[in-house]
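So for the sequence shown, numbering that gives the first Met the number 0 puts the first residue at 0; every next one is plus one.
We put the beta carbon where it would ideally sit given N, CA and C, even for glycine.
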Amino acid sequence: MDTKTLAKLQTRLEHKKEQLAEAIANRGEADTGHRLKGEFTSRFPSHGNKDEENATEVAEYQDTLSTEESLESSLEKVNAALERMEKGTYGECRKCGKEISRERLNAYPEADVCVQC
Ligand SMILES: [Zn+2]
Numbered sequence: 000m001d002t003k004t005l006a007k008l009q010t011r012l013e014h015k016k017e018q019l020a021e022a023i024a025n026r027g028e029a030d031t032g033h034r035l036k037g038e039f040t041s042r043f044p045s046h047g048n049k050d051e052e053n054a055t056e057v058a059e060y061q062d063t064l065s066t067e068e069s070l071e072s073s074l075e076k077v078n079a080a081l082e083r084m085e086k087g088t089y090g091e092c093r094k095c096g097k098e099i100s101r102e103r104l105n106a107y108p109e110a111d112v113c114v115q116c
């Protein structure tokens, strides 16, 4: 792959990384109350032990968790792609080792397998 295309894709990945990190940070902020409470509760089990309250918190926490997981797994993919750029293995299929098509990388810069795989 030519360095120009690589640089362009790298910029896009860096940008995506920032956006994802920001989205995760914002979620964390919105959720700080719950999370702190959760930490507090696990460290001090005598606090916040009303069953009803706990059930709501658990449900809300699970909601948050599933969204966070997808943001975080997206971020992981972006980071992995950036790492491959550093190592010089970017654009190679993780499974078959063939080159991933330019079209696919343009559409999905963090792709680590080719269309066939
Ligand atoms: Zn492949």
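Could you please give me the residues that DSSP links to Glu91 through a beta bridge? Glu98
Selection from Gln18, Cys116 and Val57 that minimises the alpha carbon distance to Cys95: Cys116
With a threshold of 6 Å, establish whether the CB of Gln115 neighbours any heavy atom of ligand 1. yes
By Cβ distance below 7 Å, which residues in the same chain neighbour Cys92 in space, the five residues on each side in sequence not counted? Ile99, Val112, Cys113 and Cys116
Report, in whole angstroms, the separation of the C-beta atoms of Leu19 and Leu81, which I expect to be a contact under 8 Å. Wrong, their Cβ atoms sit about 12 Å apart, outside the cutoff.
Burial state of Val57 (16 or more Cβ within 10 Å): exposed
Within 10 angstroms of its Cβ, does Glu85 collect 16 or more other Cβ (buried), or is it exposed? exposed
Any heavy atom of ligand 1 closer than 6 Å to the beta-carbon of Lys118? Since the first residue shown for the chain is 0 and the last is 116, residue 118 is missing from the structure and cannot be characterised.
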